[in-house]
Amino acid sequence: MAVTTQGTLWLNQNVVMCFECGAQGHYRNNCPKVNNQNHRNKARVPDARGKAYVLGGGDANLGSNTVTCTFLLNDHHAYMLFDSGADRSFVSNTFSTLLDITPFALEVSYALHLSNGRTLKTWIVLRGCTIGLLGHPYNIDMMPIDLGSFDVTIDMDWLAKSHIVIVCDEKIVRIP
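According to the working numbering, the sequence shown holds residues 3 to 178 in order.
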């Protein structure tokens, strides 16, 4: 992988890249910038944190603040979880390969606490994805992670910004 000066990330299987300093040839856990004792006084920026549902085939009770359905994401049918409790939108690593979107590297990692107790970290965001809801395109940025049963999880902030409402007692998504 390599990063351009604009922050665009592209994949090259022969090149290793550090997400801390952007240099090629090492990963973040071996970064001399992180491991250098001269940087003791540097304030460490904590990981951003969030939560998400990750389910295997048909297990678990999602709760009343969620709705599942199938819509288009970049012209591909995606099984989506609309979750008013999520603080970011996610796409499964497997499904993200269909999207033809260039990944961007984040400056700070994002730690995600899954419903199954696991914690994942990501430094990647896919900007400019398009969800097709009832014939209307909506732009959305998504983070690729292992989502289990779902292709996509849609977050509360995106729902509010797009004026989309989860009607909990009817288990529907109301789209303006």
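Yeah, the Cβ is synthetic: ideal placement off N, Cα and C, and Gly gets one too.
DSSP beta-bridge partners of residue i
i           : result
residue 144 : 128
residue 123 : 113
residue 85  : 68
residue 94  : 147
residue 174 : 169
residue 152 : Paired residues: none, contrary to the question.
Backbone secondary structure at residue i - three-state DSSP
i           : result
residue 100 : coil
residue 139 : strand
residue 74  : strand
residue 164 : coil
residue 34  : helix
residue 47  : Residue placement at residue 47 is flagged as unreliable, the pLDDT there being 47, under the threshold of 50; the coordinate-derived value follows with that caveat. Coil.
residue 57  : Here residue 57 scores only 38 on pLDDT, less than 50, and its place in the model is too uncertain to base an answer on.
residue 52  : Confidence at residue 52 is low in this model, with a pLDDT of 47, below 50, so its placement is unreliable and the value that follows should be read with caution. Strand.
Given residue i as reference, the closest of the options once Cα atoms are compared
i           : options       : result
residue 170 : 86, 78, 76    : 86
residue 166 : 135, 154, 145 : 135
residue 88  : 174, 176, 144 : 144
residue 110 : 104, 124, 140 : 124
residue 152 : 34, 32, 79    : 79
residue 92  : 154, 103, 130 : 154
Nearest-angstrom beta carbon gap, residue j and residue i [assumed within contact, 8 Å]
i          : j           : result
residue 84 : residue 168 : 6 Å
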